[in-house]
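Worksheet: one structure, shown below.
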Amino acid sequence: MLLLITKNPLTVEIFSETAGKNFEVAMSLESAFLRVRKRNYSAVVVDEKDISSYMFLSEKVMSLKTFLAEKEEKQKHSIKIKTPQTVAITSCKGSAGKTELIKKLISVLSAYRILILDMNFYDGGSDLSFEFELPVLPHLGCFLKQKGDLKERFFACVYHLYENVDIIQAPPNLSLIQDLRKEDLERIISFAKENYDVIIFEIPPLSKREDLVHTALKNCDKKVVVITGLKVELERLKHINADIVISKNSVPEFFSDRFEVITFKSFYKILK
41 MLLLITKNPL TVEIFSETAG KNFEVAMSLE SAFLRVRKRN YSAVVVDEKD ISSYMFLSEK
101 VMSLKTFLAE KEEKQKHSIK IKTPQTVAIT SCKGSAGKTE LIKKLISVLS AYRILILDMN
161 FYDGGSDLSF EFELPVLPHL GCFLKQKGDL KERFFACVYH LYENVDIIQA PPNLSLIQDL
221 RKEDLERIIS FAKENYDVII FEIPPLSKRE DLVHTALKNC DKKVVVITGL KVELERLKHI
281 NADIVISKNS VPEFFSDRFE VITFKSFYKI LK
């Protein structure tokens with residue numbers, strides 16, 4: 041979430057073309073101060089040439105001119121895709137490379153707003169949480185505790201990972217989403233599609249909340265299965281309705297004879 045400080049309605053309109061709906065507006069320094077005390081913004085953008093009086097608000101204060109220039113530069117180095125796009129990434133076994141693939145996708149999507157939704161529901165926390173060194177809070181279970189409208193409940197779950205990347209991590213304990221229904225997840229996904237360009241679901245081979253996993257799969261555009269090339273994965277693949285199979289290593293013949301498989305070198309094909 042971004043914070044724009046301006047009194048000019050035209051600036052808000054121009055800013056929305058770049059930032060979409062994922063920002064809030066403060067019309068004064070005082071208003072901005074109250075907002076940054078309540079929320080950790082990914083950037084505080086000021087519609088003035090001299091931003092020195094705003095620097096105390098956050099380490100992430102920048103001028104509107106700088107923000108727009110950085111966005112334009114990033115767009116030059118990224119790929120172009122249709123949006124919104126939802127991708128489910130799963131595997132036939134653990135440690136296949138799902139997180140590595142997600143990092144690769146993030147690296148070429150710097151011009152797009154990305155949400156990672158972690159569906160690894162296990163007691164003790166998710167590997168994705170450890171990989172990105174996430175704090176315990178927030179997580180998906182916060183949707184149930186937060187009061188307010190859908191927007192407030194949604195962003196209560198969101199952790200800002202990078203400038204253009206947010207994540208809703210799995211809770212550290214299954215009991216924290218015990219009362220989360222598939223209808224709740226559908227509302228979360230629907231809201232995400234309105235506010236992000238790309239939604240990536242990380243889905244484990246097995247889950248104790250299959251109802252939520254099936255809901256995620258039902259709402260995704262593409263199902264991607266990451267394999268390591270072991271024969272044991274071949275049998276499991278027969279039961280997964282995958283759109284794309286991707287391998288970290290060279291593809292063994294017994295896979296390529298049965299499936300269309302790409303390697304990590306061609307990972308960008310997932311987004312086409």
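Start counting the sequence shown at 41; every next residue gets the next number (our numbering).
Where a beta carbon is used, it is the ideal one built from N, C-alpha and C, also for glycine.
As the structure is a computational prediction, the values presented were derived from the model and not from experiment.
- Under the DSSP definition of a beta bridge, Q186 lacks any partner.
- Rounded to whole angstroms, F107 and V85 show a C-alpha spacing of 7 Å.
- Straight-line measurement puts the Cα of S169 at about 29 Å from the Cα of S290.
- Apart from the 5 residues on each side of it in sequence, Y152 sits with its Cβ closer than 6 Å to the Cβ of D237 and V238 in its chain, given in chain order.
- If you check the CB distance, L44 and D87 come in under 9 Å.
- Within 10 angstroms of the beta-carbon of Y199 lie 16 or more other beta-carbons, which makes it buried.
- Contact between P212 and G134 fails: their C-beta atoms lie close to 18 Å from each other, not under 8 Å.
- The residues I267, V285, I286, S287, V291 and F295, in chain order, have a CB closer than 8 Å to that of V301 in the same chain once the five nearest residues on each side in sequence are set aside.
- Each of L145, V253, T46 and I129 was checked against the Cα of K305, and the nearest Cα belongs to L145.
- As the crow flies, the alpha-carbon of T139 is around 33 Å from that of R77.
- Apart from sequence neighbours up to five positions away, the residues of its chain that approach S247 with a beta-carbon distance below 7 Å are M159, F161 and V253, ordered along the chain.
- Counting only residues of its own chain and dropping the five nearest sequence neighbours on each side, G60 has a CB closer than 7 Å to the CB of R153 and N235.
- In this structure, R79 is the residue among E203, L220, R79 and A66 with its C-alpha nearest to the C-alpha of F195.
- In chain order, V101 place their CB closer than 6 Å to the CB of M95, counting only its own chain and leaving out the 5 sequence neighbours on each side.
- Between C132 and E293, the C-beta spacing is not below 9 Å.
- Leaving aside the five residues that flank M67 on each side, the residues in its chain whose CB is nearer than 8 Å to its CB run, in chain order, I45, T46 and K47.
- Annotated three-state conformation of F73 is helix, per DSSP.
- Taken through DSSP and simplified to helix, strand or coil, M95 comes out as helix.
- Approximately 6 Å separates the beta-carbon atoms of V265 and L277; this is inside 8 Å, confirming the contact.
- Rounded to the nearest angstrom, the gap between the Cα atoms of E192 and E64 is 13 Å.
- Within the region 138-183, the runs of alpha helix (DSSP H) at least 4 residues long that lie entirely inside it are, in chain order, 138-147 and 167-171.
- Across the structure, L190 and P178 are spaced so that their CA atoms are roughly 16 Å apart.
- Nearest to S150 by C-alpha distance, out of L180, Y202, L42 and K187, is Y202.
- Nearest to C197 by C-alpha distance, out of Q186, A72 and S82, is Q186.
- DSSP places F304 outside any alpha helix (DSSP H), giving it a letter other than H or E.
- The alpha-carbon separation between E275 and G269 amounts to approximately 12 Å.
- Judged by DSSP in its simplified three-state form, T106 adopts helix.
- Taking C-alpha positions only, E112 is separated from L216 by approximately 41 Å.
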